[in-house]
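In this note's numbering, the protein residues as written are 16 to 181. Ideal Cβ positions, reconstructed from N, Cα and C, are used throughout, including at glycine. A short write-up of the structure that comes next.
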Amino acid sequence: MPDFIRGLPLNALHSLPLSDSNRREVKRFIKFAMVGTAGMVTHMTLFNILMLGLRLDPRLANAIGFVAAVMQNFTLNRRWTFPESRSREAGLQLGQFALVSVIGLLINSAVFWAVSHGLDTFWATLIAEPTLAHAINNNFALATAIGVVLFWNFTANRLWTFRTRV
Numbered sequence: 016m017p018d019f020i021r022g023l024p025l026n027a028l029h030s031l032p033l034s035d036s037n038r039r040e041v042k043r044f045i046k047f048a049m050v051g052t053a054g055m056v057t058h059m060t061l062f063n064i065l066m067l068g069l070r071l072d073p074r075l076a077n078a079i080g081f082v083a084a085v086m087q088n089f090t091l092n093r094r095w096t097f098p099e100s101r102s103r104e105a106g107l108q109l110g111q112f113a114l115v116s117v118i119g120l121l122i123n124s125a126v127f128w129a130v131s132h133g134l135d136t137f138w139a140t141l142i143a144e145p146t147l148a149h150a151i152n153n154n155f156a157l158a159t160a161i162g163v164v165l166f167w168n169f170t171a172n173r174l175w176t177f178r179t180r181v
């Protein structure tokens, strides 16, 4: 385990009433979420540097940031979250991980659209300032979409991309 992880909540799992295999999966899920958070930071940082610094079109900056985050997440998940799966061919796993990520992006977009359109009048009636209401609505929708996709990505990658052969 990397030094920067020691002492984090992963060690607290031993006090939970879980079987060893369930404890391992919870630990794996937490690692997956941590890697995903790092990927989100990479995506957003690169997006803003490319869009604001280099004046790239936001759609192109977003696509480049997404690809960079997928590559980073694949590498970190393969090495840290699912190290036992490294006996499988990396190119195949990368293709599987990319496909799961693209499907996750589609799910994210659908959930974001549904939540943001479904709650826009709710936030508008709750908050008088329209710009603030719009921003809160979109951020709530994005947080919801990210939460949904986290479970999709973990489950699909655990059962398909990084499965261990029995």
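Burial state of residue 156 is buried, judged by a 10 Å Cβ sphere holding 16 or more other Cβ atoms. With the rule of 3 Cβ pairs closer than 8 Å, the region 57-74 does not count as touching the region 98-106. Sequence-distant Cβ neighbours of residue 61 in its own chain, meaning closer than 6 Å and more than five residues away, are 80 and 83. Distance check between residue 59 and each of 34, 85 and 47 places 85 closest, using alpha-carbon atoms only. Distances from the CA of residue 96 to each of 40, 159, 71 and 175 were compared; the closest alpha carbon is that of 40.
Under the 10 Å beta carbon count, residue 74 is surrounded by fewer than 16 other beta carbons and is classified as exposed.
Contact check for residue 160 against residue 117 fails: the beta carbons are separated by 7 Å or more.
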